[in-house]
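Q:
Number of protein chains: 4
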Amino acid sequence: MESNDKFQDECGVFGVYGSNDAAALTALGLHALQHRGQEAAGIVSYDGEKFYSHRELGLVGEIFDEKQIIDTLPGNSAIGHVRYSTSGGTALRNVQPLYADYSFGGLALAHNGNLTNANQLHKELVNKGSLFQSTSDTEVFQHLIATSSEDRLLDRFIDTFKAVEGAYSLVALSRRKLIGARDPFGVRPLALGSLGETWIITSETCALDIIGADFVRDVEPGEIIIVDEDGLHSYKPFLAVHKRSCIFEYIYFARPDSFVDGRNVYEVRKAIGAELADESLINADMVIPIPDSGVPAAIGFAQRSKLPFELGLIRNHYVGRTFIEPTDEIRHLGVKLKHNANKQRLEGQKIILVDDSIVRGTTSRKIVEMVRQAGAREVHMRISSPPTINPCFYGIDTPDRDQLLAAQFDVEGIRKQIQADTLSFISIDGLYRAMGETNRDNDLPQFCDACFTGEYPIPLSDQEKGQSNTQMSFLAGLK
Amino acid sequence: MESNDKFQDECGVFGVYGSNDAAALTALGLHALQHRGQEAAGIVSYDGEKFYSHRELGLVGEIFDEKQIIDTLPGNSAIGHVRYSTSGGTALRNVQPLYADYSFGGLALAHNGNLTNANQLHKELVNKGSLFQSTSDTEVFQHLIATSSEDRLLDRFIDTFKAVEGAYSLVALSRRKLIGARDPFGVRPLALGSLGETWIITSETCALDIIGADFVRDVEPGEIIIVDEDGLHSYKPFLAVHKRSCIFEYIYFARPDSFVDGRNVYEVRKAIGAELADESLINADMVIPIPDSGVPAAIGFAQRSKLPFELGLIRNHYVGRTFIEPTDEIRHLGVKLKHNANKQRLEGQKIILVDDSIVRGTTSRKIVEMVRQAGAREVHMRISSPPTINPCFYGIDTPDRDQLLAAQFDVEGIRKQIQADTLSFISIDGLYRAMGETNRDNDLPQFCDACFTGEYPIPLSDQEKGQSNTQMSFLAGLK
Amino acid sequence: MESNDKFQDECGVFGVYGSNDAAALTALGLHALQHRGQEAAGIVSYDGEKFYSHRELGLVGEIFDEKQIIDTLPGNSAIGHVRYSTSGGTALRNVQPLYADYSFGGLALAHNGNLTNANQLHKELVNKGSLFQSTSDTEVFQHLIATSSEDRLLDRFIDTFKAVEGAYSLVALSRRKLIGARDPFGVRPLALGSLGETWIITSETCALDIIGADFVRDVEPGEIIIVDEDGLHSYKPFLAVHKRSCIFEYIYFARPDSFVDGRNVYEVRKAIGAELADESLINADMVIPIPDSGVPAAIGFAQRSKLPFELGLIRNHYVGRTFIEPTDEIRHLGVKLKHNANKQRLEGQKIILVDDSIVRGTTSRKIVEMVRQAGAREVHMRISSPPTINPCFYGIDTPDRDQLLAAQFDVEGIRKQIQADTLSFISIDGLYRAMGETNRDNDLPQFCDACFTGEYPIPLSDQEKGQSNTQMSFLAGLK
Amino acid sequence: MESNDKFQDECGVFGVYGSNDAAALTALGLHALQHRGQEAAGIVSYDGEKFYSHRELGLVGEIFDEKQIIDTLPGNSAIGHVRYSTSGGTALRNVQPLYADYSFGGLALAHNGNLTNANQLHKELVNKGSLFQSTSDTEVFQHLIATSSEDRLLDRFIDTFKAVEGAYSLVALSRRKLIGARDPFGVRPLALGSLGETWIITSETCALDIIGADFVRDVEPGEIIIVDEDGLHSYKPFLAVHKRSCIFEYIYFARPDSFVDGRNVYEVRKAIGAELADESLINADMVIPIPDSGVPAAIGFAQRSKLPFELGLIRNHYVGRTFIEPTDEIRHLGVKLKHNANKQRLEGQKIILVDDSIVRGTTSRKIVEMVRQAGAREVHMRISSPPTINPCFYGIDTPDRDQLLAAQFDVEGIRKQIQADTLSFISIDGLYRAMGETNRDNDLPQFCDACFTGEYPIPLSDQEKGQSNTQMSFLAGLK
């Protein structure tokens, strides 16, 4: 009934070099990255002779919960991946890391992001005789590496990165090396950690904490890191470009306890809440978060406004993605699968609801209605992101433009749709202030904020050539 | 690694009479009661001719997520059950509701609670020729009903309730009646609701909210409610006893948005937090809940003490019950599967941690250590229940006495075990004050608080006769 | 498409006392009895302390193919069962052996046969307070044993056998005894074997051969055998009745290499073929069996008639029970899932087809047509049983009377239906001669041949009282 | 315990062009070819827009038994494959037909046979940048087709066939064409059939019979057949070579009702039996086949020798591939999972046992011993093939040379191993006579008989270059 009315991160990656427990550490790391993708998970390890692969649909804690499974992944290096599926089904063949044998030996690859010229590259590769198993970006990486005329693995990667456009933070594992790389704009996060002699590359720092590893530094935009028996090597084959990491990671995707490019996510969210209070405080009895994503901003809002912070909505964490297809009668009941209003607390009150974003608006409208039925006298909605007007093409699953409420209506129009008494979004500059900037540098923005502003830093080649919907395969069901 | 170091509620029940969507409503109700049992769920419906049963291991939202499943449960009355397994495995035959054919027709039964003379009754029934499929309490109910010499179903139930001792809140479904009953002390909760012409009986009121039903009243201790085509009937076959409902439902088991016997759970928890602040405030920089169960009390504590409420610990909701069996090396890392400290927030701070209880103490110790490693300067633990010294025999899964930390040590001893700088539990009278009482009436206590005081209101016959460990079956694996 | 147009045996039983490999021997024995039931199989063992049970839907070789499974069934006594389901689905709760705890300890039970007063007994037991899990005969045995007022297990069994009517060959396992029993008429087979110090009870002797055990003797009609640490005991609590074992076991059910009540099945089938040749030889080029069941009679027919025996029909052993639901176009193709005509061999020939029985006639008609399309000039059908006019109520799955072709038509009518050039069935006396008798003793027939003659030796109480279709349970799907 | 001590055919293929029921016909055809591979099956169909694929481990009748599955395979052309796995496990990715997208569109491919230079080609292709998913021959075909510089599909196939060495009978499906091709020596069978306007290509003619289709002709060695909307086209791009189809298809692999290259398999087997009687008749009481494969030759032997044909061994068709791992005690019992001696028939008799081949000899020895224990006085083994001395590299699964009993011992030595009283194999010339030839033409043998003679018609390049055991992948478990 209630779909997850949010932008969705698509993936998380994790890699380990130099530990007898490489696969176990990877499983733990992926568990900490589970919020970045819940559809499937996989690990590939290497033991000096062979690569070992285990990939499955499901949660990390279900797939890798037994010693026997971990024992099928020997070796002291490993990489792993969690995946969020953008469409209905996920075929197992698309679950990363993807492995292939090359002339130089085996290589496993896992990435977080999205290529914006994948279709074009796919077509060129097929014309040269490459056979694809899927239409995934990752396989484009594989074929580019395979058909590169370079000898050294590093040079094959550089060749490949020169051909691709888009956002990618990837980890790869060859017979002798763990590779980590981040696209030149650094759109998706990637961090470097260590645990004694062991090197770790991960999408977020919370995956370092779970295993007690130390955060070393963020991987830089455009940087290729190679770890081998001689230690860590860093390569920067691209001309320096202006960094444009995704600002939405701070608003919603990343875990509050992670540090992304030097900023603590929880503190940023609280700061946004405080800015929001400065911008749009209204007379009210209390501040209520829409759990769980609205909680840090609501705390920030409450502290700044000196209004009490209260749990007026209770979230049921057991909700799966779907539930019974109801009859019309049931549909009219307005079933509350995910959130319930805490009546006693709300009755007769003027409340400020804090959420992180409004996407389609269906959930917001439902919650406003629920809160009113519980007796709230006034309902003021405050949103800790600017209006989301544009889809993302850099690895985030967003609805098409015509389904984004903010692309159809102005703030007053949105307010009417969700039937709140008042509605405010954080301003773009307020958001940048919460990030610690004076304001947005409109000439050279400090972050990728295309979903708010429409300014896409990386070309959208497939889109522009109308190739994003080209038929990529004649096999039904191939994704 | 981290087991759930809590007392565990064992079951939730739900029943519907008079709706074309009886099974769908029951599925939704059970989903709202999911926190009362996550191992298995079942529904039995009746369509005027036949009973239909679907029971499975797993979460409600996984078992009953498809219209096809709901369509196998036709009829306008239904009962359902969610179950928490007390031991490793749950055989499907133990998943409730249990159904049987009797001389008077079919009857399905589901209960929440525990009989304290079940073993004795089991033995007597087997001696008279009854064949048991399990050693569950519910089957004792079934055989007592079957062998009662009474004609009327109501009288068979009364016969049965006169034979059993213990705590039970049950729902049952016969060909013409929906039955709800609560033991004479009213230990476990049971509430009555309505949705138009439809009657609903449920363990908690949050299961009324999910389907938009109205709360009518609590089922009274010792009351038998029968709903049939003539409407609602109430019977009270027992001499009035003093009500002793479980005080721990308010502390931890029930959902914060539920009303139990007239009190809102969230408000009680906040009140306990406030009392706790009154009793044991200390100089500190902030109040931090151990999520999720410590949140309401922490809010109450923070509001009373005027200290800021902060998320210093982040919970990973994707944790399953188990995870990979780690190597020794990994075990030494102190893996943080469920909670992670939010470093930036804690560094150099004096913090008050609020949790609902300390059972074995393993989790508390781990969290104190985690918080210190994150840089906290002082760690003060505040617990929103008195020390839990005694096991429960009334339907709650508790460790044996010798595993309860508070049964081994006094408060200072516990503090040393968990290595906090200071530790305070709410006092018994503080707890009763938070419940709205002046204090505990030691002659006639208002609640069952045996886990704190050792005063068990209902006899523990099997325990006393040493029969609780008698071999109940010669079949290996029968539970 | 082609269902199995045969009478179907419903079960096989096997028991072992006194071997360290009791469960493994039972699995092997059940594998040899697989032709008696392919839907499900189960084993219960006892190790001196506990009973262990493993039951599953599927073939023995699939269920018990791993050492780990056998290892869950420790002990030196065991019983097992294979089951053929009479209707669409088999619920696991009906898979035998059934186990229960009684006042005297545990008892597991498995039987082959059918009670003709089960419904009446079921009703009486429910009225006295017994709760049934199924409507199976075996559970009637269980409740009668449980509610017997006798002390000794043997006396409880005698009590039980005095109450039941019908055909049964059963094995049971208590804490100290292996029990085998055969109904007073000895309808279904049961044999006793030994392997060193180990005693074995089995439906057929082929299950002795598979483990290299010796055949000792048949269990006698009305005999109860008890094996315990003092050795073998035999009890005959019933007045002697005239033995009436099932003659169809020789025609079709039993495996050709088994000895049933002293006769080798293969030799009987060949003898029937020879008698059939004497009774109905016709000028032809060759004798062709309908494989596999028609082969032994066809060999006997060919040897007696001196016509060549040829494989004119090839059977595909990979056929499952069902296959794709075809379109009309495909249905018109006359798909040959199970048998194919061997064209080269049949073209222009006059052939005698030998089969064991004609039930609905659908397969016979299809095969005659197939053989003609392959070019056969004349098709003469010879059947090694008399016409099957009556259903069986003693443990064989037969269609209702109105679906038995021979109940609707005389021989000439059947011939027209199946479109053979000529058709002959063995005569009743010819059949008895093949069994080594002079003829059928019409006053006191030597075998149960009710399916041919309508003379049922055991009363059909439920049938006569119209109770066979009484609703036994209000639970949909309970069988 | 008893493994299948036989040479094993590895695959069967089937293709349909021009039927609304293409997938259903393919499922039925594969069912008729099930004896050629029981591990897995797959179908790919094309509906004018998309290709549809369904592949699974298991039997055809289990995989494609539901209309819903067939309905996922729309279109009026389809190809299918059944697979026998040469090693322990079969990964789904190896189950054919294999599909890929090429520059010219989609193409699905299924083949029966084995390439003898696959490893060499694999290595060359990887060096040029091709990424392999498996080490299967079929994928070599795919990459050769993909990297061919030709434009037309036919020319890409011709290119491919010029590169490969070995035995192959394949079917392929493109957007406009059904392709069938047989290697220049015609080692594995391939036949052409029609059903009205529908064309069919199949490994064996029994798959035409099952759907009532007509046999048109065999596909010729070296012939490429293309069926498209203009009808049937035949291409013969190779210089004529001398046909050398596999003689073992007649002895064991093909179904008795099939015609292979013009000969009826059942009649050939009977003729071998007759020749064998001419060559090695001995005084005996009866002829007994080792079922099922020995039956036709035993019938031929019995007819020629005028000895009675008897079922002295009963086969249990329910045997799976494996069974319980027995204890030593059980192993000593000489468990008879697959065959049992029919004691009554054998006791005191002089018998001639007829089987098709002796591979490792384990089964033969076991059966001779079993027959003796059943009381046979003399046991004379007659084999309807010459001694199998050499492994096959053309698509048949054979043990290594050192496991072939006939490669270690002469006939007298084999006799001692299996402990028969006498032993004879058919002579090479006797075998050729049974095939209708005067004798073997040693200069230009009429068939491939390398397993008997060691004369391999097609080069064994990988073998000779020692490349057959080269590591083809660094991924553990990749096959």
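Chains as they are written, first to last, in our numbering: chain G, 1 to 479; chain F, 480 to 958; chain D, 959 to 1437; chain Y, 1438 to 1916.
Even glycine gets a Cβ: it sits at the ideal position worked out from N, Cα and C.
State the DSSP-derived secondary structure class of residue 1687(Y), mapped to helix, strand or coil.
A: Residue 1687(Y) falls in the helix class under three-state DSSP.
Q: Taking the straight line between their C-alpha atoms, what separation do you get for residue 336(G) and residue 442(G)?
A: For residue 336(G) and residue 442(G), the distance between alpha carbons rounds to 42 Å.
Q: Could you tell me which chain D residues have their CB closer than 8 Å to the CB of residue 1772(Y), listed as they occur along the chain?
A: Neighbours of residue 1772(Y) on chain D, chain order: 986, 1168, 1169 and 1170.
Q: Determine, for residue 1548(Y), whether the minimum Cβ-Cβ distance to residues of chain G falls below 8 Å.
A: Closer than 8 Å: no.
Q: List, in chain order, every chain D residue whose beta-carbon is nearer than 7 Å to that of residue 1654(Y).
A: Those within 7 Å of residue 1654(Y) in chain D number zero; the least Cβ separation is about 16 Å.
Q: Taking only beta carbons into account, state which residues of the region 1116-1150 of chain D come closer than 9 Å to chain F, listed in chain order.
A: Within the region 1116-1150 of chain D, the residues whose Cβ lies closer than 9 Å to some Cβ of chain F are 1133, listed in chain order.
Q: Under 8 Å between C-beta atoms, does residue 1091(D) make it to chain F?
A: It does: the Cβ of residue 1091(D) has a partner Cβ on chain F nearer than 8 Å.
Q: Give the list of continuous beta strand (DSSP E) stretches no shorter than 3 residues that lie fully inside the region 280-330 of chain G.
A: Taking only runs of at least 3 residues, the beta strand (DSSP E) segments lying wholly in the region 280-330 of chain G are 286-289 and 313-315.
Q: For residue 596(F), which option in 587(F), 582(F) and 614(F) has the closest C-alpha, if you only look at C-alpha atoms?
A: Taking only the C-alpha atoms, the option nearest residue 596(F) is 614(F).
Q: Any beta carbon of chain D sitting closer than 8 Å to that of residue 582(F)?
A: Yes, residue 582(F) lies at the interface with chain D (some Cβ there is under 8 Å from its Cβ).
Q: Hey, is residue 955(F)'s beta-carbon within less than 8 Å of any beta-carbon in chain D?
A: Chain D, which has a Cβ nearer than 8 Å to the Cβ of residue 955(F), makes this yes.
Q: Counting C-beta neighbours from all protein chains within 10 Å, is the total for residue 1654(Y) 16 or more, i.e. buried, or is it exposed?
A: Answer is exposed; the Cβ neighbour count stays below 16.
Q: Could you tell me the boundaries of the alpha helix (DSSP H) in which residue 815(F) lies?
A: Residue 815(F) -> no alpha helix (DSSP H), and no H or E assigned at all.
Q: Consider the C-beta atom of residue 288(G) and the heavy atoms of the ligand GDP; say whether any pair is separated by less than 7 Å.
A: The ligand content of the structure shown is nil, which means the ligand GDP is not present either.
Q: When you compare only the Cα positions, how much space is there between residue 1651(Y) and residue 146(G)?
A: Roughly 48 Å between the two C-alpha positions.
Q: If you reduce the DSSP assignment to three classes, tell me which class residue 721(F) lands in.
A: Coil.
Q: First and last residue of the beta strand (DSSP E) that includes residue 365(G)?
A: Per DSSP, residue 365(G) belongs to no beta strand (DSSP E); it is in the alpha helix (DSSP H), 362-373.
Q: For residue 1909(Y), which residues in the same chain have their Cβ closer than 7 Å to its Cβ, ignoring the five residues on either side in sequence?
A: Only 1556, 1559 and 1572 meet the Cβ criterion.
Q: Spatial neighbours of residue 824(F) within its chain, please: C-beta separation below 7 Å, excluding the five flanking residues on both sides.
A: The answer, listed in chain order, is 789 and 791.
Q: Once the 5 residues before and after residue 647(F) are set aside, which same chain residues still bring their CB inside 6 Å of it?
A: Answer for residue 647(F): 590, 592 and 662, listed in chain order.
Q: In this structure, does DSSP put residue 20(G) in helix, strand or coil?
A: DSSP places residue 20(G) in coil when its eight states are reduced to three.
Q: Which residues in chain G sit within 8 Å of residue 806(F), going by Cβ to Cβ distance?
A: What residue 806(F) touches in chain G: 20, 21 and 24.
Q: In the region 481-555 of chain F, which residue ranges form an unbroken alpha helix (DSSP H) of at least 4 residues, counting only runs that do not cross its ends?
A: Here the runs fully enclosed are 501-511, 539-542 and 546-550.
Q: So, under 8 Å CB-CB, residue 963(D) and residue 1380(D) are touching, yes? Tell me the CB distance rounded to an integer number of Å.
A: About 21 Å; that fails the 8 Å criterion.
Q: Consult DSSP for residue 1560(Y) and reduce its assignment to one of helix, strand or coil.
A: Reduced to three states, the DSSP call for residue 1560(Y) is helix.
Q: Using the Cβ count rule (16 or more neighbours within 10 Å means buried), how would you classify residue 294(G)?
A: So residue 294(G) ends up on the buried side.
Q: For a contact defined as C-beta to C-beta under 8 Å, what are the partners of residue 138(G) on chain Y?
A: Chain Y residues near residue 138(G): none, gap ~12 Å exceeds 8 Å.
Q: Looking at the secondary structure, which residues open and close the beta strand (DSSP E) in which residue 415(G) lies?
A: From DSSP, residue 415(G) is part of no beta strand (DSSP E) but of the alpha helix (DSSP H) over 411-418.
Q: Along chain F, which residues have their Cβ under 8 Å away from the Cβ of residue 1317(D)?
A: None at all; the shortest Cβ gap to chain F is about 32 Å.
Q: Please return the same chain residues whose Cβ sits closer than 6 Å to the Cβ of residue 463(G), not counting the five positions on each side in sequence.
A: So no residue of the chain qualifies.
Q: Between the region 199-211 of chain G and the region 51-63 of chain G, are three or more C-beta pairs nearer than 8 Å?
A: Output reads no: the region 51-63 of chain G does not touch the region 199-211 of chain G.
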